[in-house]
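Residue numbers (UniProt numbering): 24 to 278.
Remarks on the structure that follows.
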Ligand code: ADP
Ligand code: MG
């Protein structure tokens, strides 16, 4: 764990304080509730990494966040922890017809990895949340079965979501009513793998109030929006899009 923290390099951005490196804030101090902190402790995770210290409070506040930090710096938990905390708070109203949270990832391996991470946290926290992963190898009826259980969180590649929208397994209207958080994990890869059209198609169903979180290891290939935020605004590691329309709409509106 120490190595992860040491390796991470957070450069200046409007949100990153000078004293970042001496920041000793704990997960509690970032605003995470006790059961999540205990769950982390059971996984021997005691101290937030720099990107987690910056991203967690902003995501809890409801900001759209673009986070860039190198591979291995803990970006998965940086979004999963606050997103889970929000779901815990909303939980019993199970009337939604579509998932509240979509986590889009570029590869099947990452899909499995994120899925395992989120299910283990949920188990450790002993909450009733349903998580599914959608894989391109699944048949239409498998996809239908997965989504029929009304999952709270879906981890998927963009292509699978697109398939589900096309074949009606996922109702566009329900999605517009339910979706509260969209995560693009490994956004640079997501876009370089040619998923652009699938993501673009999905943006039509993203409600305005949906919180958009974009995690990336690099500032390259993330499209016009991120180029703008990473390079032009000088917010290298994190940019607030609080005053902007949802991130993904921005990402593609410029071309
Ligand atoms: P990234 O997505 O930035 O490449 P990951 O989220 O995959 O990084 O995290 C890399 C590894 O670091 C994982 O094994 C994860 O469990 C671990 N990790 C994440 N946060 C912490 C932390 N605060 N302390 C110790 N280990 C952590
Ligand atoms: Mg990652």
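Think of the CB as a built atom: it goes at the ideal place given N, C-alpha and C, for glycine as much as any other residue.
Because the structure is a prediction, the values reported are computed rather than measured.
Cβ separation of residue 148 and residue 62, assumed to be a contact under 8 Å, to the nearest whole Å: 5 Å
Residue 208: CB within 7 Å of a non-hydrogen atom of the ligand MG: yes
Near the ligand ADP: residue 68 beta-carbon under 7 Å from a heavy atom: yes
Secondary structure of residue 90, DSSP reduced to three states: strand
Residue 79, enclosing beta strand (DSSP E) - first and last residue: Residue 79 -> not in any beta strand (DSSP E); alpha helix (DSSP H) instead, spanning 73–84.
Where the beta strand (DSSP E) through residue 157 begins and ends: 154–157
Proximal residues to residue 224 (C-beta, below 8 Å), its chain only, five neighbours per side dropped: 185, 188
With 16 other Cβ atoms within 10 Å as the buried cut-off, status of residue 87: buried
Near the ligand ADP: residue 75 beta-carbon under 7 Å from a heavy atom: yes
Beta-bridge partners of residue 125, as assigned by DSSP: 177, 205
Beta bridge counterpart(s) of residue 234 as assigned by DSSP: 204
Check: residue 94 C-beta below 7 Å from any heavy atom of the ligand ADP: yes
Cutoff 7 Å; reference residue 212; Cβ partners in own chain excluding five residues on either side: 129
Cβ-based neighbour list, residue 76, same chain, cut-off 7 Å, excluding 5 preceding and 5 following: 46, 48, 53
Under the three-state DSSP convention, the category residue 143 falls into: helix
CA-to-CA distance, residue 183 to residue 155, given in whole angstroms: 12 Å
Closest Cα partner of residue 120 within the set 218, 207, 236, 195: 195
Integer-rounded CB distance, given that residue 238 should sit under 8 Å from residue 102: 6 Å
Span of the alpha helix (DSSP H) around residue 219: 219–226
Beta-carbon proximity of residue 124 to residue 175, cut-off 8 Å: yes
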